[in-house]
Amino acid sequence: MDVKQIIFYLMGGLGIFLYGINLVGKSLRELAGSKLKKLIEKYTNTPIKGILVGLLVTAIIQSSSGTTSLVVALVAANLMTLPQAAWVIVGANIGTAITSVLIGLNITQFALPILGIGAIIAFLSSKKKVKLLGETLFGFGILFYGLQLMSSAVQPIMETKFAIELFTTLSNIPILGMLVGLIVTIVVQSSSASIGILQALYGTGAITLKAALPIMLGSCVGTTITALLASIAANKQAKRAALFHVIYNLIGAILFMIFITPYTHLISLLETSFLSKIHADKMMTIALADVLYKILAALLIGWFSRYFVSFTFVLIKGDEKSDLLKSLENANIKDSAFALELAFKGIEYMGDLVVNIFENAKSFSLQKDMKLYNQSLKIEDEVDEVDLKIHDYLIKVAQFDLNKSQSHEMAKYLDTIRDFERISDHCVNLLECFLLRYDNNEVYSKEGEIELADIFNKVDQMVNGCYQAFIQNDKLQANQVIEIEQLVDDAEEQYRKMKALKWSKDWFEKIYLFFYARYTHSQEKMSPSCQHLLLTLKKKYGNQIPTELRQHFRVGSKPLMKYTNILTFDMRAGVLFISVLIKEPWLYMVFEVTVMNVIFFYMRSRHEKLCKEIELEAYK
1 MDVKQIIFYL MGGLGIFLYG INLVGKSLRE LAGSKLKKLI EKYTNTPIKG ILVGLLVTAI
61 IQSSSGTTSL VVALVAANLM TLPQAAWVIV GANIGTAITS VLIGLNITQF ALPILGIGAI
121 IAFLSSKKKV KLLGETLFGF GILFYGLQLM SSAVQPIMET KFAIELFTTL SNIPILGMLV
181 GLIVTIVVQS SSASIGILQA LYGTGAITLK AALPIMLGSC VGTTITALLA SIAANKQAKR
241 AALFHVIYNL IGAILFMIFI TPYTHLISLL ETSFLSKIHA DKMMTIALAD VLYKILAALL
301 IGWFSRYFVS FTFVLIKGDE KSDLLKSLEN ANIKDSAFAL ELAFKGIEYM GDLVVNIFEN
361 AKSFSLQKDM KLYNQSLKIE DEVDEVDLKI HDYLIKVAQF DLNKSQSHEM AKYLDTIRDF
421 ERISDHCVNL LECFLLRYDN NEVYSKEGEI ELADIFNKVD QMVNGCYQAF IQNDKLQANQ
481 VIEIEQLVDD AEEQYRKMKA LKWSKDWFEK IYLFFYARYT HSQEKMSPSC QHLLLTLKKK
541 YGNQIPTELR QHFRVGSKPL MKYTNILTFD MRAGVLFISV LIKEPWLYMV FEVTVMNVIF
601 FYMRSRHEKL CKEIELEAYK
């Protein structure tokens with residue numbers, strides 16, 4: 001083969017290989033449709049799910065850059081949080097190694113048949129999905145054919161003095177190899193492509209393992225350029241997602257470069273002791289190194305992702321509100337399903353503001369704190385602003401063809417933002433009412449404080465319950481809020497009735513209601529940690545309290561049940577019977593004052609301690 005042929009084979013093979021990778025990715029993305037977006041957006045609420053989704057999507061579209069760019073777009077649209085995006089990116093890094101495994105299988109001899117079958121299916125089928133499947137096979141075929149052409153052209157080149165000196169230098173200076181891998185990947189815009197080329201080089205014996213591995217690590221850093229380019233015109237959250245991708249891949253590559261010698265020995269050992277025995281192609285060695293690197297990187301540094309996420313906020317400053325409003329103003333609303341999902345995110349943010357302003361009103365009812373008052377007025381202005389943006393956004397969405405379910409959803413959203421805005425207005429009215437009382441030096445009686453605290457606690461459960469019911473679409477939670485609403489009405493009626501009663505005529509009923517209200521309030525005050533734990537768990541998890549927290553509470557509470565049995569009426573009746581039987585009734589009073597109280601306070605102390613432990617665990 002002369003120089004001209006070598007150049008033609010190399011350039012043609014590279015072009016065909018890159019086109020094949022792009023065609024495979026494009027065809028698979030179209031084949032999956034919007035389901036990929038929904039998969040990423042909906043099933044990434046835990047780190048493990050995020051990693052699995054990132055791995056799966058990347059395996060489907062054969063491009064970690066494609067997955068990351070999709071994640072950046074979802075973050076930009078406020079359809080995904082940055083912590084969710086971080087775990088998807090970790091999974092995408094692992095998923096992209098599947099391409100190198102497919103190349104490592106060395107099925108290049110079947111390249112032309114695969115190409116031919118794919119072309120026949122693509123051109124003869126009228127069904128879109130079947131056609132896309134054919135294009136995918138066609139893409140794989142030309143991918144492998146391009147790899148075959150490059151391999152045949154590489155062998156003569158590697159025999160030249162220049163090539164020998166170049167790869168010797170790369171073997172001796174690992175950082176230079178890493179730089180080469182980075183630059184090549186930036187140029188071709190695909191780590192799968194650059195690693196595929198590397199596999200071809202190693203498969204022909206043109207490059208040593210010592211020189212190949214740094215190039216592989218460099219390609220993993222170079223692949224981050226795609227997400228960075230995709231985030232340029234996006235909001236700050238999207239820029240943070242792209243920056244996280246850079247930080248994660250860079251730290252992983254640096255860590256492995258520090259230990260490149262033992263890592264090279266490990267891969268060499270696996271090659272000789274495992275791959276050679278199953279007669280695997282040499283290209284599989286690079287695939288194994290790629291897979292192992294990405295899994296180890298996820299295990300070693302993946303769990304530090306939250307710190308990397310926090311660091312992105314240090315480097316790129318900004319607030320959630322501005323990003324959200326920007327998304328609502330500039331969102332692409334051609335996809336009605338995702339348009340409604342963005343509206344949901346906006347309402348979620350609005351609901352969070354409403355919960356905050358209610359908490360401020362509750363605190364302000366107990367003490368005059370002008371900081372709380374002024375902060376609440378600012379929150380109210382923000383609620384009004386978000387309400388207007390969401391309303392205008394939903395009106396735009398209504399212009400598109402919505403199915404029955406989507407129309408119902410949009411109507412619900414319009415009602416929700418109206419109700420949230422009304423709650424916010426009522427909270428401001430409460431603040432102004434309390435401020436007026438403070439300014440006029442009007443103070444509540446002890447009785448009034450108890451009544452107010454009781455009503456506020458019930459309304460607090462309603463506001464938080466309503467918010468959680470909307471976020472989680474939980475009908476059970478909504479029914480519980482309705483039940484609490486009835487309790488609030490009953491409590492208000494009870495207090496009004498007590499006020500209306502006359503001491504002269506209805507003294508017995510008024511005393512009963514007076515002491516009953518204090519009794520129920522005092523019972524709640526006896527277990528402040530338990531009450532606080534309940535509100536914390538409801539606010540954070542709704543009805544979806546993690547199993548480990550439930551189990552912790554169950555295990556911690558079970559030993560206390562024996563003391564509860566002692567405190568029951570049966571034990572009291574038994575002691576009273578015995579004391580009367582032996583004609584020493586005073587013993588019952590001693591037992592009640594000493595033994596029973598000691599047991600009660602001991603049990604209460606342990607239970608309150610348990611509640612504090614679980615609350616701390618919930619915040620971790």
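Counting from 1, one number per residue, gives the positions in the sequence shown under our numbering. All residues carry an ideal CB built from backbone N, CA and C; glycine is no exception.
Three-state secondary structure assigned by DSSP to residue i
{"i": "E584", "result": "coil"}
{"i": "G205", "result": "coil"}
{"i": "D401", "result": "coil"}
{"i": "P546", "result": "coil"}
{"i": "A238", "result": "helix"}
{"i": "K540", "result": "helix"}
{"i": "K277", "result": "coil"}
{"i": "T46", "result": "coil"}
{"i": "S310", "result": "helix"}
{"i": "N597", "result": "helix"}
{"i": "N473", "result": "coil"}
{"i": "T169", "result": "helix"}
{"i": "T566", "result": "The sequence given here has Ile at residue 566, not Thr. Residue state, collapsed to three classes: helix."}
{"i": "K317", "result": "coil"}
{"i": "T224", "result": "coil"}
{"i": "N249", "result": "helix"}
{"i": "N440", "result": "coil"}
{"i": "P197", "result": "Position check: residue 197 holds Ile in this sequence, whereas Pro was assumed. In this structure, I197 counts as helix in the three-state DSSP scheme."}
{"i": "I578", "result": "helix"}
{"i": "I16", "result": "helix"}
{"i": "I7", "result": "helix"}
{"i": "L232", "result": "Note on identity: in this sequence residue 232 is Ile, with Leu being the wrong assignment. Coil."}
Check whether residue i and residue j have beta carbons under 8 angstroms apart
{"i": "I390", "j": "I357", "result": "no"}
{"i": "A361", "j": "C427", "result": "yes"}
{"i": "L213", "j": "A289", "result": "yes"}
{"i": "V383", "j": "M350", "result": "yes"}
{"i": "T58", "j": "A92", "result": "yes"}
{"i": "L105", "j": "Y145", "result": "no"}
{"i": "M596", "j": "L560", "result": "no"}
{"i": "A211", "j": "L182", "result": "no"}
{"i": "A298", "j": "I94", "result": "yes"}
{"i": "L209", "j": "I267", "result": "yes"}
{"i": "I197", "j": "M216", "result": "no"}
{"i": "V24", "j": "V291", "result": "no"}
{"i": "I316", "j": "K236", "result": "yes"}
{"i": "V683", "j": "S231", "result": "Residue 683 cannot be examined here, being either before or after the span of the chain that is shown, 1 to 620."}
{"i": "K131", "j": "A122", "result": "yes"}
{"i": "V354", "j": "S424", "result": "yes"}
{"i": "G222", "j": "I186", "result": "yes"}
{"i": "T68", "j": "T226", "result": "yes"}
Distance between residue j and residue i (C-alpha atoms, nearest Å)
{"i": "I6", "j": "L70", "result": "38 angstroms"}
{"i": "D369", "j": "L435", "result": "9 angstroms"}
{"i": "S613", "j": "T547", "result": "Correcting the residue type first, residue 613 is Glu in the shown sequence and not Ser. Cα to Cα, E613 sits roughly 15 angstroms from T547."}
{"i": "P262", "j": "L255", "result": "12 angstroms"}
{"i": "A469", "j": "E359", "result": "18 angstroms"}
{"i": "M257", "j": "M603", "result": "57 angstroms"}
{"i": "A193", "j": "L228", "result": "19 angstroms"}
{"i": "E380", "j": "K540", "result": "23 angstroms"}
{"i": "L243", "j": "V88", "result": "14 angstroms"}
{"i": "G218", "j": "E617", "result": "40 angstroms"}
{"i": "T204", "j": "I260", "result": "23 angstroms"}
{"i": "I120", "j": "G134", "result": "7 angstroms"}
{"i": "G302", "j": "L296", "result": "9 angstroms"}
{"i": "I626", "j": "K412", "result": "Examination of residue 626 is not possible in this model, given that the chain is present from 1 through 620 alone."}
{"i": "L549", "j": "G54", "result": "28 angstroms"}
{"i": "L587", "j": "Y563", "result": "20 angstroms"}
{"i": "A111", "j": "A200", "result": "15 angstroms"}
{"i": "G627", "j": "M462", "result": "Outside the shown range of the chain, which is 1 to 620, sits residue 627, and nothing can be said about it."}
{"i": "M410", "j": "H607", "result": "45 angstroms"}
Residue i: CB within 7 angstroms of a non-hydrogen atom of the ligand ADP
{"i": "F591", "result": "Absence of the ligand ADP from the depicted structure is noted, as is the absence of any ligand whatsoever, leaving it without description."}
First through last residue of the alpha helix (DSSP H) which encompasses residue i
{"i": "H265", "result": "I260 to L270"}
{"i": "G181", "result": "P174 to V188"}
{"i": "L299", "result": "M283 to I301"}
Whole runs of the beta strand (DSSP E) within the region 72–143, excluding any shorter than 3 residues: Counting only unbroken stretches of 3 or more residues, no beta strand (DSSP E) element lies wholly within the region 72–143.
Fully enclosed by the region 349–436, which alpha helix (DSSP H) runs are 4 residues long or longer? Entirely contained in the region 349–436, the alpha helix (DSSP H) runs reaching 4 residues are, in chain order, 370–397.
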